[in-house]
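**Q** Let me begin by handing over the structure; questions about it come next.
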């Protein structure tokens, strides 16, 4: 079962920081992140849905991602980042 739009509370605990950070964002940021990240729209499609130019949408998306990143960092300031597996480790 997928969580509803704008609600990431039902994700597993290992994604709790992401859910808390996402839910703390302003609705305007949540909207653009959901259209691109969850609904899978292209920048052009999302811009059309929101009634703005692709350039404006790109800027909104960049700012929303930065705010989300800052929120995640503030939610878990003492956690070290998970290492990114190499191609060999991923197999």
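Numbering (my numbering), first residue to last: 270 to 360.
Note that the Cβ used here is the ideal one computed from N, Cα and C, for glycine as well.
These numbers come from a predicted model, not from an experiment.
#1: Hey, quick one: how far does the alpha helix (DSSP H) through residue 320 stretch, first residue to last?
#2: For residue 316, count neighbouring C-beta atoms within 10 Å of its own C-beta (all shown protein chains included) and say buried if the count is 16 or more, exposed if not.
#3: Could you tell me the distance, in whole angstroms, from the CA atom of residue 320 to the CA atom of residue 330?
#4: Taking its Cβ as the centre, do 16 or more other Cβ atoms sit within 10 Å of residue 298, making it buried, or is it exposed?
#5: Hey, how far is the Cα of residue 279 from the Cα of residue 323?
#6: Return the residue from the list 307, 295, 325 that minimises the CA-CA distance to residue 313.
#7: DSSP on residue 298, reduced to helix/strand/coil?
#8: Could you give the first and the last residue of the continuous alpha helix (DSSP H) run that contains residue 285?
**A** Well, looking at it:
#1: As a working note, residue 320 is residue 51 in the chain shown. Taken as a continuous stretch (DSSP letters only), residue 320 belongs to no alpha helix (DSSP H), as it is neither H nor E.
#2: Sequence index remark: in the chain shown, residue 316 carries index 47 (1-based). A residue is called buried when at least 16 other Cβ atoms come within 10 angstroms of its Cβ; residue 316 meets this threshold and is buried.
#3: If you number the chain shown from 1, residue 320 lands on position 51. If you number the chain shown from 1, residue 330 lands on position 61. Answer to the nearest angstrom: the Cα atoms are 14 Å apart.
#4: The sequence position of residue 298 within the chain shown is 29, counting from 1. Label assigned to residue 298: buried.
#5: Within the chain shown, the letter at position 10 stands for residue 279. Within the chain shown, the letter at position 54 stands for residue 323. Residue placement at residue 279 is poorly supported in this model, since its pLDDT is 45, which falls under 50; the coordinates still yield a value, given next. Per the coordinates, the alpha-carbon of residue 279 lies some 31 Å from the alpha-carbon of residue 323.
#6: In the chain shown, counting from the first residue as 1, residue 313 sits at position 44. Selection 307, 295, 325 evaluated against residue 313 yields 325 as nearest (Cα-Cα).
#7: Counting from one through the chain shown, the residue named residue 298 turns up at place 29. Helix at residue 298.
#8: Working through the chain shown from its first residue, we reach residue 285 at position 16. From DSSP, the alpha helix (DSSP H) with residue 285 extends over 285-293.
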